[in-house]
Every structure is written in C-alpha cells, then in structure tokens.
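Below: the structure, in structure tokens.
In UniProt numbering, the protein residues as written are 1 to 99.
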C-alpha cells in the first residue's frame, strides 16, 4: 500500500521542442524535498524525453541523500510477447521478481 504524496511535472524535458528544466514543475518538486522526504519514486514515460527528465531529477536529488527509485516498466498484463520491443523486454527482465 502506498501512503505517500505525488507531484505532477506537467511535461518532460525536451530540448528539441525548446522545453527545459525550467519549463516544467521541477523547481516546485525540489522545493518540496526540503520537507521530511525519504524517497522519490520517478514515474515518467519510457520516451527519450521521459528518460532525460528522470536522469536529471536523479542527478539533482541523489546528492541530497534521498533514495531515488523508478517504477518498473515492461510487458503489460495481457500483452503478447510477440509484439514486445527489445527495450521493453530488457526492462521487464531487469525488473523481474521472485515468485
């Protein structure tokens, strides 16, 4: 059960579209970290922009001593493995759990 709070960035870093870290709600996120925060769970799209945003957030937060994690990504429930791309399959394998 999750008992935390969430923060919506309203976008992702995308230099090709002229969207930088100051154009989304990162400043507000970092301001919230001044409270008693133990962990930040990053949930961005698996796009280049989502990955860049996640990497930037991690780079800023890790030196603060706050645990940074990312939600798992992989094969969706009901998905057909025949149509899964290599990156999705790799992430599913990396995020596997013992049953």
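Note that the Cβ used here is the ideal one computed from N, Cα and C, for glycine as well. Predicted model, so just to flag it, every value in this text is computed and none were measured.
Straight-line gap, residue i to residue j (C-alpha atoms, nearest Å)
i	j	result
residue 48	residue 1	30 Å
residue 18	residue 26	16 Å
residue 72	residue 15	25 Å
residue 69	residue 24	20 Å
residue 45	residue 11	10 Å
residue 98	residue 51	26 Å
residue 76	residue 84	9 Å
Endpoints, beta strand (DSSP E) assigned at residue i
i	result
residue 82	Taken as a continuous stretch (DSSP letters only), residue 82 belongs to no beta strand (DSSP E), as it is neither H nor E.
residue 39	39-42
residue 70	67-70
Cβ pair residue i, residue j closer than 7 Å
i	j	result
residue 13	residue 40	no
residue 74	residue 91	yes
residue 42	residue 57	yes
Endpoints, alpha helix (DSSP H) assigned at residue i
i	result
residue 53	48-61
residue 151	This structure gives no information on residue 151, because the portion of the chain shown stretches from 1 to 99.
6 Å CB neighbourhood of residue i in its chain, flanking five on each side removed
i	result
residue 29	7
Neighbourhood of residue i by C-beta distance below 7 Å, restricted to the same chain and skipping five residues each side
i	result
residue 32	7
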